[in-house]
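Here's the structure we're looking at; comments come further down.
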Amino acid sequence: MFDIEAYRKYEQYFETEKTESFELLSGKGKLIVSAPHSVEQTRNGSKKFSEPQTGVIAKMLHDELGIPVIYKTKNCGDDANYDAVSPYKDALVEYIKENKTEFMLDLHQLSPKRDVMIDIGTGKYKNVKDPAIVEVAYRIFEKYDLGRIEIDTPFDASYPYTLSSYIARNCNISCLQLELNSKLVRTDSSSSKEEKVFSSLVELIDAIERTLSQNYEKE
Numbered sequence: 648m649f650d651i652e653a654y655r656k657y658e659q660y661f662e663t664e665k666t667e668s669f670e671l672l673s674g675k676g677k678l679i680v681s682a683p684h685s686v687e688q689t690r691n692g693s694k695k696f697s698e699p700q701t702g703v704i705a706k707m708l709h710d711e712l713g714i715p716v717i718y719k720t721k722n723c724g725d726d727a728n729y730d731a732v733s734p735y736k737d738a739l740v741e742y743i744k745e746n747k748t749e750f751m752l753d754l755h756q757l758s759p760k761r762d763v764m765i766d767i768g769t770g771k772y773k774n775v776k777d778p779a780i781v782e783v784a785y786r787i788f789e790k791y792d793l794g795r796i797e798i799d800t801p802f803d804a805s806y807p808y809t810l811s812s813y814i815a816r817n818c819n820i821s822c823l824q825l826e827l828n829s830k831l832v833r834t835d836s837s838s839s840k841e842e843k844v845f846s847s848l849v850e851l852i853d854a855i856e857r858t859l860s861q862n863y864e865k866e
């Protein structure tokens with residue numbers, strides 16, 4: 648159940664950097680949610696804006712569903728979604744392999760200047776084992792009337808060290824990079840639809856978990 652007060656509380660949580668670079672909260676199920684840009688990051692020596700609502704959503708999904716999540720809490724002069732060497736990536740790989748995780752959703756935010764509201768990044772379908780799950784995601788977001796939805800536009804998550812591409816390749820699991828327009832998830836936006844975004848993600852995670860369970864039963 649969506650709790651706007653919890654949402655605002657977690658927004659405040661990400662306003663101040665913590666001592667540790669990231670937090671990984673263990674959980675149940677075959678899917679993990681990641682938010683590598685939940686605080687400011689540094690790429691090629693240049694600082695880039697944070698995407699705090701991705702961390703907010705990750706924490707709330709953990710609270711609601713008990714699933715494992717990982718999110719950045721301090722900028723250490725790095726970018727976990729770009730760097731070839733990354734403690735964030737290392738911890739994620741270790742958790743996935745130890746817990747036999749089979750799917751990752753990697754959350755990001757799009758600039759509010761963009762017309763696209765949801766971008767489903769698939770690495771040109773190289774990051775997913777079953778292309779049908781992309782259609783499932785598309786239909787769920789469409790159902791919640793979130794606005795224009797694109798696949799691999801403007802970002803396709805195909806760069807080798809983009810988290811979705813890296814994890815799909817090194818852990819042999821399916822990954823989707825979900826870019827959420829900041830207008831949808833910022834509480835100071837007149838176009839915000841935080842509850843709809845959260846509910847769509849809960850439904851998507853449930854659909855993925857059910858699909859993974861059915862595939863396991865067939866084996």
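Numbering-wise, the sequence shown is residues 648 to 866 according to the numbering used here. C-beta atoms are modelled at their ideal positions from N, C-alpha and C, and glycine is treated no differently.
So, helix, strand or coil for residue 766, using DSSP?
The answer is strand: DSSP assigns residue 766 an E or B state.
Does the segment 839–850 come within contact of the segment 692–707, defined as at least 3 CB pairs closer than 8 Å?
Judged by Cβ distances under 8 Å, the segment 839–850 makes contact with the segment 692–707, as three or more pairs qualify.
Could you check the C-alpha separation between residue 807 and residue 814 for me, to the nearest Å?
Their Cα atoms are separated by approximately 10 Å.
According to DSSP, is residue 650 helix, strand or coil?
Correct three-state label for residue 650: coil.
For the alpha helix (DSSP H) holding residue 746, just list the boundary residues, first then last.
Where residue 746 is concerned, the enclosing alpha helix (DSSP H) stretches over 734–746.
Note down, in chain order, each residue of its chain lying with its Cβ closer than 7 Å to the Cβ of residue 763, except the 5 sequence neighbours on either side.
So the list reads 757, 795, 797, 800, 801, 828, once near-sequence residues are dropped.
For residue 830, count neighbouring C-beta atoms within 10 Å of its own C-beta (all shown protein chains included) and say buried if the count is 16 or more, exposed if not.
Residue 830 is buried by the Cβ-count criterion.
Roughly how far, in whole angstroms, is the beta-carbon of residue 683 from the beta-carbon of residue 810, given that I think they are within contact range, below 8 Å?
With a Cβ gap of about 6 Å, residue 683 and residue 810 count as contacting.
Check each candidate in 760, 731, 694, 754 and name the one with the smallest Cα separation from residue 769.
Considering only alpha carbons, the answer is 754.
Looking only at C-alpha atoms, which of 726, 696, 725, 855 sits nearest to residue 759?
Checking every option, the nearest Cα to that of residue 759 belongs to 696.
With DSSP run on the structure shown, which of helix, strand or coil describes residue 818?
In this structure, residue 818 counts as helix in the three-state DSSP scheme.
Can you give me the Cβ contacts of residue 743 inside the same chain, cut-off strictly under 6 Å, excluding the 5 residues immediately before and after it?
Once the five neighbours on either side are set aside, the close Cβ partners of residue 743 are 818.
Here's the rule I'm using: 16 or more other beta-carbon atoms within 10 Å means buried, otherwise exposed. How should residue 635 be labelled?
This structure cannot settle anything about residue 635, because the visible part of the chain is limited to 648 through 866.
Evaluate the contact criterion for the segment 710–722 versus the segment 765–785: three or more CB pairs, one atom per stretch, below 8 Å.
Verdict: no, contact absent.
Do you know offhand how far residue 740's Cα is from residue 692's?
Residue 740 and residue 692: Cα-Cα distance of roughly 25 Å.
Please return the same chain residues whose Cβ sits closer than 8 Å to the Cβ of residue 821, not counting the five positions on each side in sequence.
Cβ within range, chain order: 749, 750, 751, 774, 775, 776, 777, 780, 815.
Taking the continuous beta strand (DSSP E) assigned at residue 754, which residues delimit it?
Run containing residue 754: 750–757, per the beta strand (DSSP E) assignment.
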